Structure formats: C-alpha cells, structure tokens
Amino acid sequence: MTTTVITHIAGLVTNDPALGEGPLGLIEDAALVLDGETVAWAGPASRAPDADHRVDAGGRAVLPGFVDSHSHLVFAGDRTAEFNARMSGQPYKAGGIRTTVAATRAASDAELSANVARHLREALRQGTTTFETKSGYGLTVEDEARALRIAAEHTDEVTYLGAHIVAPEHADDPAAYVDLVTGPMLDACAPHARWIDVFCEKGAFDGDQARAILSAGKAKGLLPRIHANQLSYGPGVQLAVELDAASADHCTHLTDADVDALASGNTVATLLPGAEFSTRAPWPDARRLLDAGVTVALSTDCNPGSSYTSSVPFCVALAVRDMGMTPDEAVWSATAGGAAALRRTDVGRLAPGARADLTVLDAPSHVHLAYRPGVPLVAEVWRRGARVV
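With my numbering, letter number 8 in the sequence shown gets 158, and the count goes up by one each step, no holes.
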C-alpha cells in the first residue's frame with residue numbers, strides 16, 4: 151500500500167462531527183491522507199502527516215463521493231415524446247413504463263449492459279461513486295433475472311423490482327402476477343440481488359400485495375425497500391417502517407402519522423426531486439421530515455420516464471431551492487444519507503477507515519453545488535483511493 155496526502159483543501163466535508171464543525175464535520179484549510187483504498191487521516195493541513203505522494207487540491211472543496219441509492223438503469227428505448235408532450239401540455243397516451251418494458255425485452259444483453267455503463271460513466275463524471283440500481287423493466291422470470299445479472303456486473307447494490315407494475319400479460323389477473331413475483335420470479339432473481347422493492351401505489355400494488363412481496367423477499371434473504379407515497383397518500387411509508395425497510399423512496403404525500411413512523415423507526419426517507427421536476431408534481435417537504443428527526447437521503451431516480459437525470463448535483467440544487475433543505479443538509483443527504491439508505495458505513499463519509507471515494511469541486515465550498523446550479527463543478531473524482539475522473 152502507498153499513502154497519498156491531499157492538501158490545500160479549502161473545505162473538507164467528512165460527515166464525521168468528531169473531526170470538524172457541525173453534522174458535515176467540516177474542516178477548513180484541510181488535508182486528507184489515503185492509505186491504499188481507505189481514508190487514513192483527516193484534519194487541518196498544518197498537522198497533516200507525511201505520505202508517499204502529495205497532491206495539491208489548489209484551494210478547492212473536497213467531499214465524499216455521492217451515494218445514489220435509487221436508480222433504474224437496466225432499460226432500453228427512449229421516452230422523449232412522452233416528456234415533450236407532458237411539458238407541452240398535450241395529451242399523450244403512449245404506454246409509459248410498458249413502453250420501456252417492450253423495448254427492454256427486445257434488447258440484447260450487450261445493449262442493456264452498454265446502456266448501464268454509459269449512464270454510470272455519466273454519473274461518475276458528476277461525482278457519484280456508489281449507486282444502487284433495479285430491475286423492473288422485464289416483468290418476466292427470464293427478463294427480470296437477466297436484468298439483475300447485468301446490474302450485478304456494474305454494482306453490488308442490486309434491487310429486484312419485479313413488482314414495478316403488473317406485467318401486461320397479467321393485467322386481468324394481478325393476483326397471479328403477485329404469485330409469480332413471490333414464487334418462480336423471486337427464486338430466479340434472489341441469487342443476483344441484495345434488495346427487494348415494490349411500487350406501493352394506486353395502479354400498481356396495494357398494501358397487502360406489497361407486504362406479501364416484501365415478506366417473501368425477506369424470507370429469501372433480500373432486504374426490503376419501498377417506492378412509497380409518490381403519487382398519493384397510501385400505506386407504503388408505514389409498511390416500510392413495519393418491515394424495517396432500509397428506505398421508503400419518494401415520500402411526497404405524507405400524513406403526520408407517516409412522518410411520526412419514519413421518525414421513530416430505522417427507515418430512511420429517500421427523496422427524489424428529479425421526478426417532481428420532470429413531472430411538475432408537488433415537491434416533497436424535506437423540511438417537515440428533517441424537523442421531525444427523520445433521516446433523509448437524496449437520489450436521482452434515474453429512469454427513462456419520470457426522472458431522466460444522473461446528476462446528484464442537480465438534485466442537490468433542487469432540494470435546496472424547492473424542498474426546504476439547507477445546502478449542508480442536501481450535501482449530507484446526497485452522501486451520508488444515501489449510505490444510510492443502503493445501510494452502508496464504508497461510504498458517504500471521509501473519516502479514518504472509510505473507503506477513499508471523494509469528489510473534488512472546482513469551487514472553495516460544497517455550498518457552490520446549490521449556489522451555482524447547472525455548472526459542471528466536479529473537477530476530480532477518486533474511487534477506492536485512485537483518481538478516476
């Protein structure tokens with residue numbers, strides 16, 4: 151192992167309050183020492199220990215690599231016409247998710263893998279070093295299993311989402327599709343996934359169906375997470391807490407009881423502002439959740455229909471502008487919050503023992519992510535101690 155000291159850091163976000171100021175553990179005029187793939191030391195530059203190599207950050211800000219805990223990257227096809235119609239106020243009656251399902255089923259493994267890789271390169275250039283992605287555009291045993299095999303070639307955080315919508319072939323018999331999702335499809339998919347997810351929403355799966363699907367996944371060793379309360383009030387959030395799901399994702403329509411449940415449990419509320427931006431839906435009230443003591447994550451929800459962005463910085467800016475978050479809160483939620491939503495302690499922070507995943511901004515402070523929205527501020531990205539951008 152060789153060591154590297156990165157010095158002349160204007161502002162270092164460690165996400166460890168023991169190392170610096172506030173919840174971000176912010177250290178000004180800082181240095182960071184990497185030992186191989188891990189962080190060995192963080193503190194004031196004046197006290198930095200010697201290392202084998204020295205890198206000058208040039209007065210720029212350094213923060214943990216973003217942890218994108220919710221994406222849908224195994225897909226084919228394009229839904230530009232749907233977005234254009236929606237933004238133009240025109241009626242549009244294409245198949246939505248079903249359009250993507252048809253294109254994904256028709257694509258080859260190589261095409262799907264190349265599409266995942268392309269989006270991941272795009273995300274990496276914007277500072278994302280850890281990401282989760284899901285199946286959900288196959289909806290047959292074979293297509294869901296191959297989606298997960300492809301996803302697992304690119305990340306360890308793979309989620310089985312056979313319960314995205316009811317497959318077109320089972321439109322007249324949703325119960326039979328639930329039996330498929332909890333039976334043969336689960337058997338084929340479980341070996342390739344860490345997580346199980348369900349879209350608990352009117353028009354998708356109700357609370358009883360969602361409970362059955364997630365419980366079956368848990369029995370197979372998969373950990374639950376839930377698409378919850380995106381389009382309407384419903385049972386998703388409280389079901390997430392009941393089943394100790396790692397994350398309830400979207401959380402747009404919440405009752406006081408939903409907020410109280412999240413505050414009293416271990417489930418992270420993952421907010422996905424790209425979806426609201428792309429659909430002109432109401433924004434989640436992050437301020438309400440934070441003030442209640444709920445752990446909040448920010449993620450992209452990158453998918454071809456309702457949130458076709460891979461940019462966590464864009465989501466940070468939206469969260470600050472339209473969801474009531476401070477810049478500090480948004481950055482924490484996009485790093486440590488995302489790690490909490492994946493139940494990870496090795497990423498999302500830059501403290502001794504953490505993985506050396508970091509983003510260097512062409513700016514003196516992390517606040518510039520919201521202060522200068524849309525500007526390509528990511529100057530360097532390091533993953534496992536090596537510069538990759």
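C-beta atoms are modelled at their ideal positions from N, C-alpha and C, and glycine is treated no differently.
These numbers come from a predicted model, not from an experiment.
Taking DSSP as the reference, what is the three-state secondary structure of I156?
-> To locate residue 156, count along the sequence shown from 1; it is residue 6. In this structure, I156 counts as strand in the three-state DSSP scheme.
Give a yes or no on whether the minimum CB-CB distance between D347 and chain E is below 8 Å.
-> This model lacks chain E altogether; it includes just one protein chain.
Tell me, which residues are paired with H320 by DSSP?
-> Counting from one through the sequence shown, the residue named residue 320 turns up at place 170. H320 is not bridged to any residue.
Span of the alpha helix (DSSP H) holding D408?
-> Taking the first residue of the sequence shown as position 1, residue 408 is located at position 258. Its alpha helix (DSSP H) spans residues 406-414.
Shortest alpha-carbon distance to T154 belongs to which of T420, A180, E530, D202?
-> Locating residue 154 in the sequence shown gives position 4, counting from the first residue. Ranking T420, A180, E530, D202 by CA distance to the CA of T154 puts D202 first.
Hey, quick one: how far does the beta strand (DSSP E) through P463 stretch, first residue to last?
-> By one-based count along the sequence shown, residue 463 stands at place 313. Residue range 462-472 is occupied by the alpha helix (DSSP H) that includes P463, with no beta strand (DSSP E) assigned at that position.
For V291 and V466, the rounded distance between their alpha carbons | Walking along the sequence shown from the start, residue 466 turns up at place 316. Walking along the sequence shown from the start, residue 291 turns up at place 141. Answer to the nearest angstrom: the Cα atoms are 36 Å apart.
For N453, does the three-state DSSP call read helix, strand or coil?
-> Counting from 1 along the sequence shown, the entry for residue 453 is found at position 303. Here N453 sits in strand by DSSP.
Please list the segments of the beta strand (DSSP E) lying wholly inside the stretch 341-386, counting only runs of 3 or more residues, in order along the chain.
-> 345-350, 376-378
So, do the stretch 406-417 and the stretch 359-373 have three or more beta carbon pairs nearer to each other than 8 Å?
-> With the cut-off at 8 Å, the stretch 406-417 and the stretch 359-373 do not touch.
Could you pull out every residue in the same chain whose Cβ sits closer than 6 Å to the Cβ of V101, ignoring the five residues on either side in sequence?
-> It is not possible to answer for residue 101, since the shown part of the chain is limited to 151 through 539.
DSSP three-state assignment for D329, whether helix, strand or coil = Indexing the sequence shown from 1 puts residue 329 at position 179. DSSP places D329 in helix when its eight states are reduced to three.
Could you check what DSSP says for W433 in three-state terms: helix, strand or coil?
-> Translated into positions along the sequence shown, residue 433 becomes position 283. Correct three-state label for W433: coil.
For E187, which of D512, H518, L500, V539 has the nearest alpha-carbon?
-> Counting from 1 along the sequence shown, the entry for residue 187 is found at position 37. Checking every option, the nearest Cα to that of E187 belongs to L500.
For the beta strand (DSSP E) holding I300, just list the boundary residues, first then last.
-> Position 150 of the sequence shown, counted from the first residue, corresponds to residue 300. Unbroken run through I300 is the alpha helix (DSSP H), 291-302; no beta strand (DSSP E).
Excluding the 5 residues preceding and the 5 following H158 in the sequence, name in chain order all residues of the same chain whose CB lies nearer than 7 Å to its CB.
-> One-based indexing of the sequence shown puts residue 158 at position 8. By the criterion of a C-beta distance shorter than 7 Å, H158 is surrounded in its chain by A195, D206, A207, G208, G209, once the five residues flanking it on both sides are discounted.
Can you give me the start and stop residues for the alpha helix (DSSP H) that D337 sits inside?
-> Numbered from 1 along the sequence shown, position 187 holds the residue referred to as residue 337. Residues 334-339.
Following the continuous alpha helix (DSSP H) through F233, name the residue where it begins and the one where it ends.
-> To locate residue 233, count along the sequence shown from 1; it is residue 83. Looking at the DSSP string, the run of the alpha helix (DSSP H) that includes F233 is 230-238.
Which of the three DSSP states, helix, strand or coil, is assigned to H400?
-> To locate residue 400, count along the sequence shown from 1; it is residue 250. If DSSP states are grouped into helix, strand and coil, H400 belongs with the strands.
Euclidean distance between Cα positions of H314 and E294 = In the sequence shown, counting from the first residue as 1, residue 314 sits at position 164. In the sequence shown, counting from the first residue as 1, residue 294 sits at position 144. Using only the alpha carbons, I get a separation of about 11 Å.
Let me know the alpha helix (DSSP H) ranges lying completely inside the stretch 500-526, each 4 residues or longer, listed in chain order.
-> Counting only runs of 4 or more, we get 518-521.
DSSP three-state assignment for L421, whether helix, strand or coil | Within the sequence shown, residue 421 is the residue found at index 271, counting from 1. If DSSP states are grouped into helix, strand and coil, L421 belongs with the strands.
Could you give the residue range of the alpha helix (DSSP H) that holds G488?
-> Within the sequence shown, residue 488 is the residue found at index 338, counting from 1. Residues 488-491.
Helix, strand or coil: which one does DSSP assign to T485?
-> Here residue 485 refers to the residue found at position 335 when the sequence shown is read from its first residue. In this structure, T485 counts as helix in the three-state DSSP scheme.
According to DSSP, residues forming a beta bridge with V212 | Counting from one through the sequence shown, the residue named residue 212 turns up at place 62. L162, V510, per the DSSP bridge assignment.
Consult DSSP for F427 and reduce its assignment to one of helix, strand or coil.
-> By one-based count along the sequence shown, residue 427 stands at place 277. In the structure shown, the three-state DSSP call for F427 is helix.
Between T509 and G175, which are expected to be in contact by the criterion C-beta below 8 Å, what is the C-beta distance as a whole number of angstroms?
-> Against the sequence shown, residue 509 aligns to sequence position 359. Against the sequence shown, residue 175 aligns to sequence position 25. Actually they are not in contact, since the Cβ atoms of T509 and G175 sit about 16 Å apart, beyond 8 Å.
Within the same chain, show all residues whose beta-carbon is closer than 8 Å to that of A267, passing over the 5 residues directly before and after it, in chain order.
-> Locating residue 267 in the sequence shown gives position 117, where the first residue counts as 1. Within the same chain, Cβ atoms closer than 8 Å to the Cβ of A267 are found at H304, the five residues on either side in sequence being excluded.
Which word fits M237, buried or exposed, when buried means at least 16 other C-beta atoms lie within 10 angstroms of its C-beta?
-> Indexing the sequence shown from 1 puts residue 237 at position 87. With fewer than 16 Cβ atoms within 10 Å of its Cβ, M237 is classed as exposed.
Contacts around H403, its chain only, beta-carbon distance under 7 Å, and the 5 residues preceding and following it disregarded | The count along the sequence shown starts at 1 and reaches residue 403 at position 253. N379, S382, Y383, listed in sequence order.
State the start and end residues of the unbroken beta strand (DSSP E) segment that holds A180.
-> The residue labelled residue 180 in the question sits at position 30 within the sequence shown. Run containing A180: 177-185, per the beta strand (DSSP E) assignment.
Going by beta carbon distance, what residues of the same chain come within less than 6 Å of T417, once the five residues before and after it are set aside?
-> Here residue 417 corresponds to residue number 267 of the sequence shown, with the count starting at 1. So the qualifying residues of the chain are A390, V391, A395, A398.
Let me know if T152 comes out buried or exposed under the rule of 16 or more other beta-carbons within 10 Å of its beta-carbon.
-> As a first step, residue 152 must be located in the sequence shown, where it is residue number 2. Classification of T152: exposed, given that the 10 Å Cβ count is below 16.
To which residues of the same chain is G172 closer than 7 Å at the C-beta, ignoring the five residues directly before and after it?
-> By 1-based counting over the sequence shown, the position of residue 172 is 22. If we look at G172 and ignore the five residues flanking it on each side, its Cβ neighbours are D478.
Measure the C-alpha to C-alpha separation of G170 and R248 and round it to an integer number of angstroms.
-> For the purposes of this step, residue 170 is taken as the residue at position 20 of the sequence shown. For the purposes of this step, residue 248 is taken as the residue at position 98 of the sequence shown. When rounded, the distance between both Cα atoms is 49 Å.
Roughly how many whole angstroms lie between the Cα atoms of A536 and P341?
-> Working through the sequence shown from its first residue, we reach residue 536 at position 386. Working through the sequence shown from its first residue, we reach residue 341 at position 191. Approximately 31 Å between the Cα atoms of the pair.
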